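The following block contains the structure:
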């Protein structure tokens, strides 16, 4: 049997290596917050969620396959958690078996395999019961096929046959086997036979003719006991191997079932936390990579929503735009939007919901981030050298059809030099068929793309209110040749109110928590 809950036609490869840029994704998008919420304190769920989240799908139909399964899970969470508990319990039962056994001893291998099968069959019966009682409640292709397979392959005849074989393999009435004599009178061609080797009571008391001749090995005949043990091992060797393979097959099934269901249980954990915080949750609409789609309403940073109570969402229509440049006031929500986009893209491409009112985007071949870093405290290299080194690494890994998020890249030098580097990098990326979202304070860089018009570009701006406050809502607007440095001057001097009214009365600064309830959403 196969679960096939993450892929329609194959098992998920949990042994695969994460993408080489996984460390940057985890750090830049703050994925530890998201993964912690999904795991709910369980280390195994954290590891499974991380593996699936970082292994994105690029096929829209494969994404929708998982989405339909997850929608079923959200509709019937108790049943899914019970299934997950069965898989976890099966593996715990197997680990709980005790006893010494040797892989070189067929008798030991057989005894261990039978013990494992006896505990696993109990869990298979529980799985079949859930399929009978609740299978009709699910509509997704994946879970419908899963329950139908359980009902078909775990039928009553299967359990009856398996139970009978396990009882016989205990050999409580002795093992019956046949053999042939070789030329030197040694035994060959040992075959285990069904039934047992005991004579009937009629034969033993002489009423019926003898059907076999036998002898008893004396208790102190160690050599005879050893020879008998060797003959028994040779007779049951094939059966022991078959039983061990059967136990391993069922155990592997529960291992994969626990892992695949674990991802959906993690999604249930995350969903319940987001709903409890009144955050919008929706299933995104994936489109093929060539479509270059991105439209969203009320898109929010899922990690930020897990940490604070109020988060401001953004509405963006970037369909057909390979380049999106985001400019505007400091602490205006630019980096937060960039993270919200990266998170939503990752969550969509592993089949999850996203924190938005609506989200429609093209699946990409890979997601890359290039965010500003703190200066190296050891002074091994300067910030610009470090940025260029990371960009070089990305250039070696990125490919056409990918998405890259640039946050304040090349800001470690003057505007003229940083703008020129940025223009060359962005142009090279666009020519390679890579979609670019760029948060920058370099007006020269942003304005050059605005004036040239060589690429279809969407310009977003984080606005600044007349009184200096930010509402953290990005708007479609061209870049401005100002960084609002005057705000810093007035805030430091305490004369923010003088700027517009001419009054000497101090007014709250743009970062005032009391008058800016959305303040935690700042970059």
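Residue numbers (the working numbering): 95 to 617.
The beta-carbon is built from N, C-alpha and C at its ideal position, and this holds for glycine as well.
Since the model is a prediction, treat every value here as computed from it, not as a measurement.
If you ignore the 5 residues before and after residue 530, its C-beta comes within less than 6 Å of the C-beta of 417, 498, 520 and 523, all in its own chain and listed in chain order. Secondary structure of residue 424 (DSSP, three-state): coil.
Counting along the chain, the unbroken beta strand (DSSP E) around residue 555 starts and ends at 551–556. CA-to-CA, the gap between residue 180 and residue 149 works out to about 26 Å. In the structure shown, residue 507 adopts coil according to DSSP, grouped into three states.
Close CB contacts of residue 207 within its chain, under the 6 Å cut and outside five residues either way in sequence, are with 337, 338 and 341 (chain order).
DSSP lists 389 as the beta-bridge partner residues of residue 411. Taking residue 350 as the centre and dropping the five residues before and after it, the same chain places the C-beta of 97 and 105 closer than 7 Å to its C-beta, in chain order. In the DSSP assignment, residue 404 falls outside any alpha helix (DSSP H), carrying neither H nor E. For residue 204, there is no enclosing beta strand (DSSP E); the residue is found in the alpha helix (DSSP H) stretching over 200–228.
If you ignore the 5 residues before and after residue 154, its C-beta comes within less than 8 Å of the C-beta of 380, 381, 382 and 457, all in its own chain and listed in chain order. Counting only residues of its own chain and dropping the five nearest sequence neighbours on each side, residue 166 has a CB closer than 7 Å to the CB of 232, 233, 234 and 237.
Take the alpha-carbon of residue 109 and the one of residue 229: they are about 30 Å apart.
C-alpha of residue 311 to C-alpha of residue 333: approximately 25 Å in a straight line. In the displayed model, residue 501 falls within a strand according to three-state DSSP. Distance from the Cα of residue 222 is smallest, within the candidate group 201, 200 and 252, for 252.
Taking 8 Å as the cut-off, the beta carbon of residue 501 is found no closer than this to the beta carbon of residue 554. Within a 10 Å sphere around the beta-carbon of residue 493 sit fewer than 16 other beta-carbons, which makes this residue exposed.
In the structure shown, residue 313 falls within a coil segment according to DSSP collapsed to helix, strand and coil.
Taking the Cα of residue 551 as reference, the smallest distance to any Cα among 564, 177 and 570 is reached at 570. Spatial neighbours of residue 143 in its own chain (CB-CB distance under 7 Å, excluding positions within 5 residues in sequence) are listed in chain order as 129, 132, 133, 357 and 360. Of all alpha-carbon atoms in 565, 525 and 512, the one lying nearest the alpha-carbon of residue 539 is that of 512. In the structure shown, residue 456 falls within a strand segment according to DSSP collapsed to helix, strand and coil. Of all alpha-carbon atoms in 537, 330 and 182, the one lying nearest the alpha-carbon of residue 202 is that of 330. Our two residues, residue 119 and residue 125, have alpha carbons roughly 7 Å apart in a direct line.
One alpha carbon belongs to residue 526, the other to residue 215, and they sit about 55 Å apart. Taking residue 534 as reference, the option from 510, 503, 173 and 517 with the minimal CA-CA separation is 503.
Across the structure, residue 345 and residue 184 are spaced so that their CA atoms are roughly 8 Å apart. Linking residue 95 to residue 391 through their CA atoms gives a straight-line distance of about 42 Å.
Counting C-beta atoms within 10 angstroms of its own C-beta, residue 162 has 16 or more neighbours from the protein chains shown and is therefore classed as buried. Take residue 375, set aside five residues on each side of it, and the residues of its chain with a beta-carbon closer than 8 Å to its own are 365, 368, 369, 447, 448 and 449, in chain order.
DSSP places residue 468 in no alpha helix (DSSP H); its state is neither H nor E.
Excluding five sequence positions before and after residue 436, the CB atoms of its chain that fall closer than 7 Å to its own CB belong to 123, 461, 463 and 499, given in chain order. DSSP places residue 283 within a strand segment (E or B) once states are collapsed to three.
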